[in-house]
Amino acid sequence: MAEFRFDIIPEVISEAEGTALVMQFTLVDGTGPIPEGGVTVNLEGDTAEILQQFLAPDGDGAVQTRVTEEGNVFYRFDTSFGPGAGIVGGVLDVFSLEDGDPDQENSDPEAAGTGFLSNFSFTITDPIASITLPVSNDLVQEADQTFTYTLVEGEGYTVDGTQNSGTFTVTDGVTPATTPTVGITVSPENPTNTDLINLYESDQTVVTAIFTVDGPIPPKDC
């Protein structure tokens, strides 16, 4: 029976640098052979919507959103994936993506759980196969996110006991701008409630607002 090793390259995916994630499958020496038509293997992510982080070979999102005539929403892989276009040594069925509905008619995120838009299957036809996913730069400053994919055992194949998962971190790849902290004080203060100011028309009370800045102030054109 075919046994496969699973690797993820590289460990850090930078949006700023446009890094591509590579999932690689390798037939372990002394196992197999791969039957005609290939072996379909299953991958599981550790959280939902991992694949929303990536693009298809044509530059669109790796995940496509589709709406049925009844108005139901379902998801599938972009149709631009193919031999030499993000895929080597295998076949990616556009409907292999987990969206909670096996019939691909109405997605169900609750039913899919952490597998929603993360889990999928891939048919391996060659001893070395791979899927390449360019990262999507959403231009939104956000914290680093770390994900793990695991090649799980299934019908017709086994997995390497020591190399069957891979972890990677998606980062903006830029140094966050330093944001100053701005404070304000006003006078005269209300002696019993500093959140309030007493204004008297007869006295023509003048309010003074004092702003303080802790940290560097960015240039005017920022």
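With my numbering applied, the sequence shown covers 123 to 344. Glycine included, every Cβ here is placed at the ideal spot set by N, Cα and C. All values reported here derive from a predicted model rather than from experimental measurement.
For leucine 273, the three-state secondary structure derived from DSSP is strand. Closest in C-alpha terms to leucine 214, from the list Val161, Glu139, Pro157, comes Val161. Shown here, threonine 236 sits in a helix according to DSSP, grouped into three states. Counted as a single uninterrupted DSSP element, the stretch harbouring methionine 123 is not any beta strand (DSSP E), since DSSP gives it neither H nor E. Asparagine 241 places its beta carbon 8 Å or farther from that of asparagine 194.
Along the segment 175-258, the alpha helix (DSSP H) occurs as fully enclosed runs of 4 or more residues at 231-234, listed in sequence order.
Of Ser324, Ile306, Thr236, Leu273, the smallest CA-CA separation from aspartate 336 is found for Ile306. In terms of Cβ geometry, aspartate 200 and glycine 183 form a close pair [threshold 8 Å]. Isoleucine 172 sits buried, since 16 or more C-beta atoms from the chains shown fall within 10 Å of its C-beta. By the CB criterion at 8 Å, leucine 219 and valine 185 fall inside the cutoff. Pairing threonine 334 with glutamine 263, the inter-Cα distance amounts to about 26 Å. A check of alpha carbon separations from phenylalanine 128 across Leu149, Glu137, Ile135, Gly140 identifies Leu149 as the nearest. Taken through DSSP and simplified to helix, strand or coil, leucine 261 comes out as coil.
DSSP places leucine 173 in no beta strand (DSSP E); its state is neither H nor E. Separation of isoleucine 156 and threonine 270 (C-alpha to C-alpha, rounded to the nearest whole angstrom) is 26 Å. Non-local beta-carbon contacts of aspartate 294 in its own chain, meaning distances under 7 Å to residues more than five positions away in sequence, involve Glu137, Ala138, Gln263, Glu264 in chain order.
Within the same chain, and ignoring the five residues on either side of valine 216 in sequence, the residues whose Cβ sits closer than 7 Å to its Cβ are Arg198, Phe199, Thr201. The C-alpha of leucine 177 lies about 30 Å from the C-alpha of glycine 278.
In this structure, glycine 206 and alanine 251 do not form a Cβ contact; the two beta carbons are roughly 13 Å apart against a cut-off of 8 Å. In the three-state reduction of the DSSP assignment, serine 324 falls in the coil class.
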